[in-house]
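Here's the structure we're looking at; comments come further down.
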Amino acid sequence: MTLSSSARRAVSVLALTVVLGACSGDSRAQQPPPPAGATTVPQVPVTSPALVNALPNFAPLVEKSGPAVVNVDVVQNPKAGAAGGDEDAQGGDEDDPLSDFFRRFGLPNGPNGGGRGGRGGGFQFQPQPQRGSGSGFIVSPDGYILTNAHVVMDADQVTVKMNDRREYPAKVIGIDQKTDVAVIKIEAKSLPVVRIGDPSKLKPGEWVLAIGSPFGFENSATAGIVSATSRSLPNEGNNYVPFIQTDVAVNPGNSGGPLFNLAGEVIGINSQIFSRTGGYMGLSFAIPIDVAMEVRDQLVKTGHVTRGRIGVTIQNIDGQLADSFGLDRPRGALVTTVVKDGPGAKAGVQPGDVILTVNDHVVETSSELPAVVARIKPGNDANLTVWRDGKERVVKVKVDALDKPEAELASNPKGKGNDASGSGRAAELGLAVRPLDPKEKEQLETEGTLVVEHVTGPALAAGVQQGDVILTVNGKAVKTVADLQAAAKNGKKAVALRIQRADQGIFFLPLRLS
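Numbering (the numbering used here), first residue to last: 1 to 514.
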């Protein structure tokens with residue numbers, strides 16, 4: 001006999017009630033017999049408690065930690081001689097490092113706000129102070145506050161607004177632009193503070209919460225998950241921060257605010273967003289709190305930050321470069337140049353070495369290396385595990401102080417292709433080269449002797465350009481065309497060309513062979 005849809009629903013409800021109602025003993029003895037002719041209905045599985053509780057309640061976290069989160073208002077006074085002119089009417093000097101920062105907020109009396117007066121009518125424009133707003137959080141009861149360097153940099157006045165609407169003038173203790181961390185202080189006691197967590201335990205998929213002042217809306221809470229860890233940002237140059245990537249809604253004004261885990265601990269400082277519009281698009285980045293706290297300790301004690309360096313320039317390794325160097329997979333940081341008389345040179349580090357670990361810290365990508373080395377105290381030794389000539393070896397380097405803004409991370413060269421193709425080897429590389437004359441070598445300041453005249457085939461697909469100087473092939477120096485051809489005959493799927501380019505320095509390009 002076929003049951004109607006309503007009868008089937010009734011039987012399903014009855015079966016579910018029986019399953020949930022059974023508590024002990026023989027459940028079959030407690031269940032009433034099914035109606036005559038009823039079709040046996042499979043039991044409905046009970047939803048897992050873990051799934052039911054997957055969505056957290058952030059209210060207790062916000063209530064407990066919110067009072068330690070502050071709003072940071074900044075004012076930059078007009079520069080001398082800034083009165084008059086269309087540029088001033090539009091919001092000040094475009095070279096001003098705070099210009100873009102204030103423009104993004106568009107607050108009253110700011111470049112996009114009202115109260116500035118207008119052009120025309122015969123009146124001379126009177127420049128007004130530029131105002132902006134960010135966030136911060138209290139890390140000690142006596143008034144030390146962490147925020148972003150770009151929030152308070154070049155500000156003439158800094159005011160901290162508490163959750164209970166109290167306001168305090170703040171003093172900038174120190175700024176570190178490399179990590180975008182700043183320390184400010186207010187004169188107060190017994191202040192609420194945040195608890196500091198361990199960002200190294202973060203895993204993608206974990207819930208996190210941000211509290212800040214987006215667009216001036218103070219103590220706004222937004223939530224999301226960790227998207228990734230140890231991220232490097234494109235076009236950042238010196239990268240000393242392994243960013244935490246999240247999908248938490250972060251907008252102008254959130255900068256400098258805390259990122260909490262579910263335990264109510266701060267694990268990051270919201271710093272940047274990746275956006276095509278200037279607003280949130282699902283990609284936000286936070287500075288790990290352990291990095292920020294190390295910067296904070298140095299700024300409070302000395303007013304500046306000391307970092308370590310080993311004096312090398314590096315680039316990332318892709319699949320083709322890994323093949324050419326004989327690595328099992330892409331990993332590590334590829335050394336492109338070694339600074340003369342630097343720590344690496346003195347220890348025997350060579351161009352073409354692949355740095356795999358630093359003091360047992362595994363280096364998966366080149367972006368991780370600057371941050372790892374920077375945190376080593378100058379004067380201490382660093383044990384580098386490097387891949388050279390198809391095997392691992394350990395090199396001990398005495399770390400030096402990074403006292404000037406030299407780039408230790410080489411960005412991926414422009415024009416580099418990912419899919420190189422072509423047939424043959426040696427002469428079939430697609431390179432036409434000629435010797436450099438002494439005057440050209442002097443002008444280029446190069447150790448190479450061969451310059452590329454024409455590029456086709458695999459070399460063109462790999463991104464080699466006319467004017468590139470070929471230094472080595474698979475770690476072997478090339479001085480003549482014969483050297484170039486001999487170095488290419490290695491039976492591998494790819495060869496690594498170390499080249500020097502006038503506008504980009506020295507780097508490696510993988511050239512895929514058939």
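Glycine included, every Cβ here is placed at the ideal spot set by N, Cα and C.
Residue span of the beta strand (DSSP E) that contains Glu167, given as start and end: Glu167 to Pro169
Rounded to whole angstroms, what's the CA-CA distance from Val363 to Gly475? Just pull it up for me. 21 Å
Judging by CA-CA distance, which residue of Val194, Asp503 and Ala210 is the nearest neighbour of Thr246? Ala210
How many Å lie between Ile225 and Met281 at the Cα? 14 Å
Please report how far the alpha carbon of Glu440 lies from the alpha carbon of Arg388, in whole angstroms. 31 Å
Taking the DSSP output, what are the residues bridged to Asp176? Val181
Top-ranked residue by Cα proximity to Gly448, from Ile273, Arg501, Val455 and Lys189: Arg501
Buried/exposed call for Pro141, threshold 16 Cβ in 10 Å: exposed
So for Asp88, helix, strand or coil by DSSP? For Asp88, the pLDDT reaches just 36, beneath the cut-off of 50, and the residue's location in the model is therefore unreliable, leaving the point undetermined.
Would you grab the beta carbon distance between Ile317 and Val354 for me? Rounded to a whole angstrom, and I think it's under 8 Å. 7 Å
Look up Ala249 in the DSSP assignment and say whether it is helix, strand or coil. coil
Identify the continuous alpha helix (DSSP H) that holds Pro370 and give its terminal residues. Glu368 to Ala374
Just tell me which of Asp198, Leu511, Val160 and Leu262 has its CA closest to the CA of Leu55. Leu262
My output table needs one value for Glu294: the three-state DSSP class, helix, strand or coil. helix
Starting from the Cα of Arg393, find the closest Cα among Lys178, Thr357 and Gln504 and give me that residue. Thr357
Cβ-Cβ separation, Val183 to Ser65 (assumed contact under 8 Å), whole Å: Incorrect: roughly 19 Å between the Cβ atoms, too far for contact.
How many Å lie between Ser271 and Gly463 at the Cα? 34 Å
Counting pairs of Cβ atoms below 8 Å between the segment 321-341 and the segment 197-205, do you hit three or more? no
Cross-strand partners of Ile506 (DSSP beta bridge): Gln500
How is the alpha helix (DSSP H) around Glu63 delimited, first residue to last? Ala59 to Ser65
Quick one: what's Thr313 bridged to in DSSP? Thr337
Who pairs with His361 in a beta bridge, going by DSSP? Val358
Element boundaries [beta strand (DSSP E), containing Ala188]: Neither: Ala188 is in no beta strand (DSSP E) and is coded neither H nor E.
Nearest neighbour of Leu460, chosen from Leu444, Ala487, Thr480 and Leu429 [CA to CA]: Leu429
Can you find the residues in the same chain that come closer than 7 Å, C-beta to C-beta, to Arg104, ignoring five residues on each side of it along the sequence? Here the model assigns Arg104 a pLDDT of 38, short of 50, so the residue's position is not dependable, and the following value carries that caveat. Same-chain partners within the cutoff: Pro252 and Gly278.
To the nearest angstrom, report how far apart Leu402 and Arg307 are at their CA atoms. 5 Å
Can you give me the C-alpha to C-alpha distance between Ala221 and Leu259, rounded to a whole angstrom? 10 Å
Measuring CA to CA, which of Pro351, Ala374 and Ser227 is closest to Glu294? Ala374
With Leu444 and Val478 assumed to form a contact (beta carbons below 8 Å), what rounded beta-carbon distance in angstroms separates them? With a Cβ gap of about 16 Å, Leu444 and Val478 do not count as contacting.
One or two residues paired with Gln465 in a DSSP bridge: Partner(s): none; Gln465 has no beta bridge.
Determine the DSSP secondary structure at Glu218, reduced to helix, strand or coil. coil
Could you tell me the boundaries of the beta strand (DSSP E) in which Gln443 lies? Taken as a continuous stretch (DSSP letters only), Gln443 belongs to no beta strand (DSSP E), being part of the alpha helix (DSSP H) at Pro438 to Leu444.
Could you give the DSSP three-state label for Ser284: helix, strand or coil? strand
For Gly205, which residues from the same chain have a beta carbon less than 6 Å from its beta carbon, with the 5 sequence-adjacent residues on both sides left out? Ile225
Locate the beta strand (DSSP E) running through Phe325, then write down its first and last residues. From DSSP, Phe325 is part of no beta strand (DSSP E) but of the alpha helix (DSSP H) over Gly319 to Phe325.
DSSP three-state call for Ser527: helix, strand or coil? The structure shown does not extend to residue 527, since the chain spans only 1 to 514, so no value can be given for it.
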